[in-house]
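Scroll down for the structure; my scribbles are underneath it.
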Amino acid sequence: MIESSVSSEAHSIDTYGNGNGNGIGYGKTILFGEHFVVYGLPAIAAALTDYTKATVEIGTEGLTFIDNRPETPGYKETKRDEIQRQLNALLKHFKIDTKINPIKITLSGNLVCASGIGASAALAASISRALNQLLDLNMTDEQINGAAYIAEEAGSGTPSGIDNTCAVFGGLITFEKNLHGGLNKIERMKIKQSVEIVLANSGITQETKIVVKDVKILKDKNPEMVEKVFENYKNVFHSALPALENGNWKILGELMNKNHELLQEITVSCKELDKMQKIALEANAFGAKLTGTGRGGLMLILTPGEELQQNVANSLENVGFNCKKTKIGGD
Ligand code: MEV
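The sequence shown begins at 99 in my numbering and counts up one residue at a time.
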């Protein structure tokens, strides 16, 4: 269910208040359950502290869009149409007719755009927050999340809503999409100790819409096989929860490997991701799986302790994969 506080009236230039608005949206990594979450299965995700910042102000003509976000080479070009669909959806949702009220949107921040890091949701959340401030709408976070979801839907088809939820609320969550259109089940998770991870970048940008659609085609063609994968995934999820909560990294790593195997079965991995997993495990990582859309994008690697984290990152960087070292479960 989408909550919205945007009235049906078109906004006029006088409603631009002090003339500008700012907002941020966080990146994310999915620990368990990408793709399965689209079908109502539960998932675990962590927002990153890296964010996209949006500034919106009165423009000179139509929509001026300036995208200063750092990126994996080629990301913005590949996502050009998707970004345009998101912007159109946001302007429509916030009732802004840029012919009458020109607007300028500038994106910045330290989130490096890549497939799998929730960059499109961070865009949607940051612009929604900035427009809320510009138009003085006093929207709640749930309403901001609703607006960000609308932009995600326009951008990538049938999103579960997990990415925009992380982008808006931050933190570590479990997420279950309500397939009947009611409120999604979102719970905050607390874990006993934070843990080091590496996010390794394949350098390949993927369209979420295409990969999600391919999974649907596979499921329609071969429902029994995919249902079996879903059943196996449910077991992975239920074992992962206590392992994560209690800091049982050995078990958690094995479950991440299992989750990656299940994602391979539904054809969303690729040779670069599988190669990164092999290198990471050979460098003694506790576990590794693709995170997000797949068929490129990022690999999430569990590396408890800074020394292991550095060693694994070195092994991957030595063969040309960029790595980000961060933690999940920190305050
Ligand atoms: C993308 O970050 C995650 C997917 O599960 C799609 C979605 O949940 O909307 C692939």
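For every residue, glycine included, the Cβ atom is placed at its ideal position computed from N, Cα and C.
Check: residue i C-beta below 7 Å from any heavy atom of ligand 1
i	result
VAL334	no
HIS358	no
HIS133	yes
VAL410	no
PRO168	no
GLY125	no
PRO140	no
GLY216	yes
ILE260	yes
VAL154	no
THR391	yes
THR306	yes
ILE203	no
PRO257	yes
ILE128	yes
VAL210	no
VAL266	no
DSSP bridge partner residues for residue i (one or two, in chain order)
i	result
LYS205	First, the residue type needs correcting, since residue 205 is Leu and not Lys in the sequence shown. Note: LEU205 sits in a beta bridge opposite ALA152, ASP165.
VAL210	VAL210 is not bridged to any residue.
ALA143	ILE128, ILE271
LYS290	Its beta-bridge partners do not exist; DSSP assigns none.
GLY172	Note: GLY172 sits in no beta bridge, so no partner.
GLY123	THR150
LEU400	ILE295, GLY385
LYS283	GLU274
CYS421	ALA298
Residue i: CB within 7 Å of a non-hydrogen atom of ligand 3
i	result
ILE242	The ligand content of the structure shown is limited to ligand 1, which means ligand 3 is not among them.
Within 8 Å, strictly: CB atoms of residue i and residue j
i	j	result
TYR124	ALA265	yes
LEU146	LYS126	yes
ASN120	ALA152	yes
GLU302	LEU400	What sits at residue 302 in the sequence shown is Ile, not Glu. No, these two residues do not count as a Cβ contact at 8 Å.
LEU188	SER226	yes
VAL313	ILE426	no
LEU371	LEU388	yes
THR391	THR263	no
PHE130	PHE335	yes
ASN299	THR170	yes
ILE289	ILE271	no
TYR247	GLY255	no
VAL410	ALA383	yes
CB-CB length for residue i against residue j, believed under 8 Å
i	j	result
LEU350	LEU342	6 Å
GLY395	GLN304	6 Å
LEU209	ASP261	Wrong, their Cβ atoms sit about 12 Å apart, outside the cutoff.
ILE235	ILE201	It is Leu, not Ile, that sits at residue 235 in the sequence shown. Rounded, the Cβ-Cβ distance is 15 Å, inconsistent with contact.
LEU398	ILE364	Rounded, the Cβ-Cβ distance is 17 Å, inconsistent with contact.
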